[in-house]
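Report on the following structure.
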Ligand code: MN
């Protein structure tokens, strides 16, 4: 079982389901040649067992030739929510962290072409990297924080969370209209443009302004 790591908080909370939003930044949808969702976000899941933390290594799966990074704002759900309103959705978000949605892009393209589920492109051990969760009582998101990722010191992703098509509360509201979110669940809110391939030996540093930084390395 995996437990969340908090900043300034000692409660033990196990990681629940991880709900990920796809194509939530227009410029990233465009770089992959995808349509931009308008009414409802694209949703997929990762298992809690995929989670590692800042400082741990990402293990490059041997069956992929194109492992890519996606830096994302991650929402920590602190109470159950089903069919929530905007206000209830905002209230259910207890905190935030930085996350990496590691993706096997070659497998994802193949699955998309065949109309098959993305599951194996998104779910593998070490595919979800998390930083420490900052609780809302310590920091309230403004909505225009910078989101950044560098590989070996070179900036690859550099945007603002104000570019999200569905904001944090809207993501939670939409997801809760389809499945109950529970305490310990996490919502990955999508990545900005600039995703790129990483190989064993590469060092990734990812940060969201006022939320935190994660550091990780790719290994075989
Ligand atoms: Mn993603």
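In this note's numbering, the protein residues as written are 8 to 227.
Glycine residues also receive a C-beta, built at the ideal position from the N, C-alpha and C atoms.
Legend entry - Nearest-angstrom Cβ-Cβ length linking residue 136 and residue 221, presumed shorter than 8 Å: Indeed, because the Cβ distance is near 6 Å, the residues count as touching under 8 Å.
Inset, instruction - Examine ligand 1 and report whether any of its heavy atoms sits within less than 8 Å of the Cβ of residue 195. - result: yes
Legend entry - First through last residue of the beta strand (DSSP E) which encompasses residue 195: 193-195
Legend entry - Reduced DSSP category for residue 202 - H, G, I as helix; E, B as strand; rest coil: coil
Inset, instruction - Return yes when the C-beta of residue 77 is under 8 Å from any heavy atom of ligand 1, and no when it is not. - result: yes
Legend entry - For residue 18 and residue 79, the rounded distance between their alpha carbons: 24 Å
Legend entry - Residues bridged to residue 213 [DSSP beta-bridge criterion]: 156, 221
Legend entry - Beta-carbon contacts of residue 20 that lie in its chain and below 6 Å, excluding the five residues immediately before and after: Same-chain partners within the cutoff: 11, 191.
Legend entry - Cβ contact (3+ pairs, closer than 8 Å) linking the stretch 177-191 and the stretch 61-79: no
Inset, instruction - Tell me whether residue 70 is buried or exposed, calling it buried when 16 or more other Cβ atoms sit within 10 Å of its Cβ. - result: When all chains shown are included, residue 70 counts as exposed.
Inset, instruction - On the DSSP bridge assignment, give the partners of residue 108 in chain order. - result: 135
Inset, instruction - Name the two residues that bound the continuous alpha helix (DSSP H) containing residue 88. - result: Counting along the chain, residue 88 sits inside no alpha helix (DSSP H), nor does DSSP assign it H or E at all.
Legend entry - residue 57 burial status per 10 Å Cβ neighbour count (16 or more: buried): buried
Legend entry - Classification of residue 290 by the beta-carbon crowding that lies within 10 angstroms, buried from 16 upward: The structure shown does not extend to residue 290, since the chain is modelled only from 8 through 227, so no value can be given for it.
Legend entry - Opening and closing residue of the beta strand (DSSP E) in which residue 187 lies: Careful: residue 187 lies outside any beta strand (DSSP E) and carries neither H nor E.
Inset, instruction - Take the Cβ of residue 198 as the centre, count every other Cβ of all protein chains shown within 10 Å, and call the residue buried at 16 or more, exposed below. - result: Buried, since its Cβ has 16 or more Cβ neighbours within 10 Å.
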